[in-house]
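Chemist: Chains as they are written, first to last, in this note's numbering: chain A, 1 to 172; chain B, 173 to 344; chain C, 345 to 516; chain D, 517 to 688.
Where a beta carbon is used, it is the ideal one built from N, C-alpha and C, also for glycine.
Protein chains: 4
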Amino acid sequence: MVSIIVGTNRADSKSSALAKIYRDGLLSRNVESQILELKDLPSDFIFSECFGNRTSEYQELLDQYIVSAEKFVFILPEYHGGFPGIAKSFLDSFSGELIKGKYAALVGLSAGRAGNLRGLDAYAGVLGYLQVEVLANRPKLSQIEDLLNGSDLKDEEYIARLNRQMDQLVSI
Amino acid sequence: MVSIIVGTNRADSKSSALAKIYRDGLLSRNVESQILELKDLPSDFIFSECFGNRTSEYQELLDQYIVSAEKFVFILPEYHGGFPGIAKSFLDSFSGELIKGKYAALVGLSAGRAGNLRGLDAYAGVLGYLQVEVLANRPKLSQIEDLLNGSDLKDEEYIARLNRQMDQLVSI
Amino acid sequence: MVSIIVGTNRADSKSSALAKIYRDGLLSRNVESQILELKDLPSDFIFSECFGNRTSEYQELLDQYIVSAEKFVFILPEYHGGFPGIAKSFLDSFSGELIKGKYAALVGLSAGRAGNLRGLDAYAGVLGYLQVEVLANRPKLSQIEDLLNGSDLKDEEYIARLNRQMDQLVSI
Amino acid sequence: MVSIIVGTNRADSKSSALAKIYRDGLLSRNVESQILELKDLPSDFIFSECFGNRTSEYQELLDQYIVSAEKFVFILPEYHGGFPGIAKSFLDSFSGELIKGKYAALVGLSAGRAGNLRGLDAYAGVLGYLQVEVLANRPKLSQIEDLLNGSDLKDEEYIARLNRQMDQLVSI
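1. Measuring alpha carbon to alpha carbon, tell me which residue in A:168, A:140, A:23 and A:166 is nearest residue 155 (chain A).
2. Beta-carbon within less than 7 Å of residue 290 (chain B)'s beta-carbon, same chain only, minus the 5 sequence neighbours each way: which residues are those?
3. Could you please give me the residues that DSSP links to residue 496 (chain C) through a beta bridge?
4. What residue from B:309, B:249, B:302 and B:183 has the CA that sits closest to residue 474 (chain C)'s CA?
5. DSSP on residue 527 (chain D), reduced to helix/strand/coil?
6. Count the other CB atoms within 10 Å of the CB of residue 201 (chain B); is the residue buried (16 or more) or exposed (fewer)?
7. Are there three or more Cβ pairs, one per stretch, closer than 8 Å when the region 27–46 of chain A is compared with the region 86–98 of chain A?
8. Going along the region 452–464 of chain C in order, which residues come within less than 9 Å of chain A, judged by CB to CB distance?
9. Quick one: which chain A residues come within Cβ less than 7 Å of residue 642 (chain D)?
10. Given that a residue counts as buried once 16 or more other Cβ atoms are within 10 Å of its Cβ, and exposed if not, what is residue 55 (chain A)?
11. Based on DSSP bridge pairs, tell me the residues matched to residue 449 (chain C).
12. Say whether chain D places a C-beta atom closer than 7 Å to the C-beta of residue 173 (chain A).
13. When you check each C-beta in the region 303–325 of chain B against every C-beta of chain C, which residues fall closer than 9 Å?
14. Going by the DSSP bridge assignment, what does residue 174 (chain B) pair with across the sheet?
15. Would residue 543 (chain D) be called buried (16 or more neighbouring beta carbons within 10 Å of its own) or exposed?
16. Going by DSSP, what residues sit across from residue 133 (chain A) in a beta bridge?
17. Going by DSSP, what residues sit across from residue 82 (chain A) in a beta bridge?
18. Does residue 556 (chain D) have its Cβ less than 7 Å from a Cβ in chain C?
19. Go through its chain and collect everything with a Cβ distance to residue 249 (chain B)'s Cβ below 6 Å, but skip five positions before and after it.
20. So is residue 526 (chain D) in contact with chain C if we call contact Cβ pairs under 7 Å?
21. Roughly how far, in whole angstroms, is the beta-carbon of residue 99 (chain A) from the beta-carbon of residue 132 (chain A), given that I think they are within contact range, below 8 Å?
22. My understanding is that residue 19 (chain A) touches residue 35 (chain A), with C-beta atoms under 8 Å, so please give their C-beta distance in whole angstroms.
23. What are the boundary residues of the alpha helix (DSSP H) that includes residue 402 (chain C)?
24. So that I know if they touch, is there some Cβ in chain B lying closer than 7 Å to that of residue 88 (chain A)?
25. Using a Cβ-Cβ cutoff of less than 6 Å, which residues in the same chain neighbour residue 237 (chain B) once the five nearest sequence positions on both sides are dropped?
26. If you run the structure through DSSP and keep just helix, strand and coil, what is residue 442 (chain C)?
27. Does the Cβ-Cβ distance between residue 23 (chain A) and residue 33 (chain A) come in under 7 Å?
28. Can you list, in chain order, the residues of its chain with a C-beta nearer than 8 Å to that of residue 460 (chain C)? Leave out the 5 residues immediately preceding and following it.
29. Answer yes or no: do residue 297 (chain B) and residue 465 (chain C) have a C-beta to C-beta separation smaller than 7 Å?
30. Just confirm the distance between the C-beta atoms of residue 135 (chain A) and residue 169 (chain A), as a whole number of angstroms; I'd bet it's less than 8 Å.
31. Give me whichever residues DSSP pairs with residue 485 (chain C) in a beta bridge.
32. Between the alpha carbons of residue 160 (chain A) and residue 148 (chain A), how many angstroms are there, rounded?
33. Assign residue 360 (chain C) to one of three DSSP states: helix, strand, or coil.
34. In chain C, what lies closer than 9 Å to residue 607 (chain D) by C-beta?
35. Closer than 8 Å by beta-carbon distance: list the chain C residues that pair up with residue 562 (chain D), in chain order.
36. Can you tell me which of the three DSSP states residue 53 (chain A) falls into?
Set out below in structure tokens:
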């Protein structure tokens with residue numbers, strides 16, 4: 001199972017739209033996936049689900065989206081020149097043992113030019129620390145406001161990059 | 173005014189103990205400072221204080237600790253090989269205009285060897301994006317469990333590094 | 345004295361053209377500067393000037409461009425997604441004591457979109473290790489082939505960013 | 517074929533000693549490897565083998581160590597808080613097409629505590645840009661002077677980490 005993590009809690013985000021495009025792309029490759037929107041986490045999870053605290057509901061969520069998955073896609077918009085804090089807080093909320101040795105694909109989005117390059121590098125560093133293998137191919141979608149309109153991703157180069165990443169993710 | 177930000181919401185943290193040492197060190201240099209513990213933020217601030225939402229209580233907190241301060245100390249423990257997500261979520265919760273052009277000193281803490289080097293680099297990248305000048309001198313306190321016992325920091329080399337950083341922070 | 349370091353040994357580089365623009369900009373602020381082109385280093389300096397080897401000519405070069413300068417501008421083009429190796433080898437060729445406590449401004453150039461963001465971050469990390477204060481404002485000039493034609497930098501936004509950086513560099 | 521790259525041109529380096537340990541470890545897994553010492557590159561290769569220049573001898577070296585290899589081990593000592601410039605210059609000296617899609621394992625060495633963590637992160641970023649898959653497991657050998665005496669690596673934990681990395685490298 002592939003879990004696609006929308007790395008922001010913003011409502012109606014471009015990242016969310018991209019996650020659906022990604023899910024469709026995987027489905028066209030006969031691979032099922034499930035989307036976890038961080039906006040659906042308990043609003044106080046940083047406090048209620050850390051440092052040894054654990055509700056059964058949150059454990060079920062982790063079981064479904066982390067423990068049961070072998071591969072992950074993290075969609076990470078750029079906030080203040082890096083990944084959203086909540087995307088790291090989500091990783092902080094569980095033991096690295098749950099994700100160790102698994103695979104991840106990263107996609108960056110930004111309003112500006114760099115496509116969240118710095119955020120992807122830093123997030124990959126953390127995932128690497130957790131012994132997650134992160135694909136080298138990391139599409140960085142810049143100027144996303146022009147690029148992504150509803151479910152329509154316009155740029156052919158970006159579409160090709162995402163397709164190559166999907167091909168690789170399903171083949172490992 | 174200097175704001176010392178404890179970059180975790182863990183209770184009774186080593187970072188909190190270090191913040192108090194830092195405050196005392198600044199006081200001995202005749203500089204007043206105030207400590208903000210991220211554990212004292214509203215437990216749902218990632219949801220309630222982002223994307224245009226703002227309570228008056230939170231605005232007052234930002235006025236006190238960000239707007240009124242010219243210099244910042246961020247105490248950042250290492251979580252999963254990087255900074256705590258909450259420390260970035262705190263930055264995400266306000267406009268970069270509030271902190272632009274100000275100064276920051278970073279201190280890293282870790283149970284392991286690297287003293288949160290990767291977390292400090294990534295956090296400095298974000299602060300730099302926000303046009304905050306980050307001091308080059310960034311003490312990285314490794315094996316903190318042995319090092320910091322209550323309010324007693326044992327290692328002479330670390331104490332000297334912190335003192336140099338404090339000297340520099342007060343002089344700019 | 346300000347030393348402007350052209351961080352590549354490519355002949356007739358865009359970085360070299362930008363260094364001259366930078367020198368003119370400093371001069372218009374009544375600040376003199378000197379340009380060091382890494383292409384003018386001895387072609388075997390990585391071998392002949394490292395690990396305790398030192399010719400008197402190279403020592404004179406270091407005296408002029410590093411020891412005598414208080415501020416530095418590093419112009420760093422993007423090679424393979426990072427800074428040119430030679431730009432780090434140059435730092436490797438002398439003791440950190442020679443540059444400790446001084447100031448640096450970084451400018452990135454790239455053919456692609458990111459303006460050498462990753463290279464600037466990594467280089468700033470190294471300079472920070474050497475206790476060099478690196479300005480937060482780091483212009484990243486992307487798609488430089490379109491941007492810089494001879495001595496003519498076209499983009500108003502980039503010109504404004506460089507001007508802000510120059511203002512800051514001369515004022516510290 | 518696995519190429520083990522000693523990422524420094526220092527003579528009799530600890531990195532060189534570790535490369536031999538690595539080669540023996542691979543051999544005990546029935547995998548042959550070849551060691552490339554960057555100290556054996558032409559002393560002026562940054563000038564003579566870049567920007568379109570290419571001697572037949574250097575092309576043969578690239579054919580042997582890069583083109584003919586599918587997997588790479590980069591042994592990277594820490595110089596001034598990052599990787600040696602020469603290790604990046606070596607990558608700069610050839611087209612990314614020669615190494616694209618291949619695999620790399622990184623090992624860091626340092627006199628200090630961090631085991632070249634920052635250098636490994638930055639080098640992994642560059643390799644990722646070149647579409648090289650870099651193993652998440654990156655042993656960081658700190659305080660190497662105490663650790664590595666001749667061909668004898670003392671620390672059991674480090675030996676175990678290197679063994680896990682070797683196991684993974686041969687299995688992909």
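Modeler: Checking against the coordinates, here is how it stands:
1. Within the first sequence, numbered from 1, the residue matching residue 155 (chain A) stands at position 155. When only C-alpha atoms are compared, the closest one is A:140.
2. Position 118 of the second sequence holds residue 290 (chain B). These residues qualify, in order along the chain: 253 and 254.
3. For the purposes of this step, residue 496 (chain C) is taken as residue 152 along the third sequence, with counting starting at 1. Per DSSP, C:493.
4. Position 130 of the third sequence, counted from the start, is the residue given in the question as residue 474 (chain C). That would be B:309, whose Cα lies nearest to the Cα of residue 474 (chain C).
5. Within the fourth sequence, residue 527 (chain D) is the residue found at index 11, counting from 1. The answer is coil: DSSP assigns residue 527 (chain D) none of H, G, I, E or B.
6. Along the second sequence, one-based indexing puts residue 201 (chain B) at 29. Exposed.
7. yes
8. 457, 458, 459, 461 and 462
9. On the fourth sequence, residue 642 (chain D) is found 126 positions in, with the first residue counted as 1. Within chain A, no residue comes near residue 642 (chain D); the closest Cβ sits about 11 Å away, beyond 7 Å.
10. Against the first sequence, residue 55 (chain A) aligns to sequence position 55. Exposed, since its Cβ has fewer than 16 Cβ neighbours within 10 Å.
11. In the third sequence, the residue the question calls residue 449 (chain C) occupies position 105. According to DSSP, which records beta bridges pairwise, residue 449 (chain C) is partnered with C:417.
12. A query on residue 173 (chain A) cannot be resolved here, the shown segment of chain A reaching from 1 to 172 and no further.
13. 303, 304, 305, 306, 307, 308, 309 and 310
14. As a working mapping, residue 174 (chain B) is identified with position 2 in the second sequence. Paired residue(s): B:205 and B:243.
15. If you number the fourth sequence from 1, residue 543 (chain D) lands on position 27. When all chains shown are included, residue 543 (chain D) counts as exposed.
16. Against the first sequence, residue 133 (chain A) aligns to sequence position 133. BP columns for residue 133 (chain A) point to A:103.
17. Taking the first sequence and counting its residues from 1, one reaches residue 82 (chain A) at position 82. Per DSSP, A:79.
18. In the fourth sequence, counting from the first residue as 1, residue 556 (chain D) sits at position 40. No, no contact with chain C.
19. Within the second sequence, numbered from 1, the residue matching residue 249 (chain B) stands at position 77. Only 180, 187 and 281 meet the Cβ criterion.
20. By one-based count along the fourth sequence, residue 526 (chain D) stands at place 10. It does: the Cβ of residue 526 (chain D) has a partner Cβ on chain C nearer than 7 Å.
21. Walking along the first sequence from the start, residue 99 (chain A) turns up at place 99. Walking along the first sequence from the start, residue 132 (chain A) turns up at place 132. About 6 Å separates the two Cβ atoms, so the contact holds.
22. Along the first sequence, read from residue 1 onward, the residue named residue 19 (chain A) stands at position 19. Along the first sequence, read from residue 1 onward, the residue named residue 35 (chain A) stands at position 35. Between residue 35 (chain A) and residue 19 (chain A) the Cβ distance is about 5 Å, and since that is below 8 Å, they are a contact.
23. What you label residue 402 (chain C) is simply residue 58 of the third sequence in a count that begins at 1. Here the alpha helix (DSSP H) through residue 402 (chain C) covers 400–406.
24. Stepping through the first sequence from its first residue, residue 88 (chain A) is reached at position 88. Closer than 7 Å: yes.
25. In the second sequence, the residue the question calls residue 237 (chain B) occupies position 65. These residues qualify, in order along the chain: 175 and 208.
26. Counted from its first residue, the third sequence places residue 442 (chain C) at position 98. Looking at residue 442 (chain C) - three-state DSSP - the assignment turns out to be helix.
27. To locate residue 23 (chain A), count along the first sequence from 1; it is residue 23. To locate residue 33 (chain A), count along the first sequence from 1; it is residue 33. Result yes, Cβ atoms of residue 23 (chain A) and residue 33 (chain A) sit closer than 7 Å.
28. Here residue 460 (chain C) refers to the residue found at position 116 of the third sequence. Around residue 460 (chain C): 420, 421, 422, 426, 427, 452, 453, 454 and 484.
29. For the purposes of this step, residue 297 (chain B) is taken as the residue at position 125 of the second sequence. For the purposes of this step, residue 465 (chain C) is taken as the residue at position 121 of the third sequence. Yes, the pair counts as a contact, with Cβ atoms nearer than the cut-off.
30. Stepping through the first sequence from its first residue, residue 135 (chain A) is reached at position 135. Stepping through the first sequence from its first residue, residue 169 (chain A) is reached at position 169. Contact flag correct, Cβ pair sits at about 7 Å.
31. Indexing the third sequence from 1 puts residue 485 (chain C) at position 141. Looking at the DSSP assignment, residue 485 (chain C) forms a beta bridge with C:453.
32. Residue mapping note: residue 160 (chain A) aligns to position 160 of the first sequence, counting from 1. Residue mapping note: residue 148 (chain A) aligns to position 148 of the first sequence, counting from 1. C-alpha separation (whole angstroms): 15 Å.
33. If you number the third sequence from 1, residue 360 (chain C) lands on position 16. DSSP places residue 360 (chain C) in helix when its eight states are reduced to three.
34. By one-based count along the fourth sequence, residue 607 (chain D) stands at place 91. The answer, in chain order, is 423, 424, 426 and 429.
35. The residue you call residue 562 (chain D) lines up with position 46 of the fourth sequence. Under the 8 Å cutoff, chain C gives 353, 387, 390, 429, 430 and 433.
36. Against the first sequence, residue 53 (chain A) aligns to sequence position 53. It is coil, neither helix nor strand.
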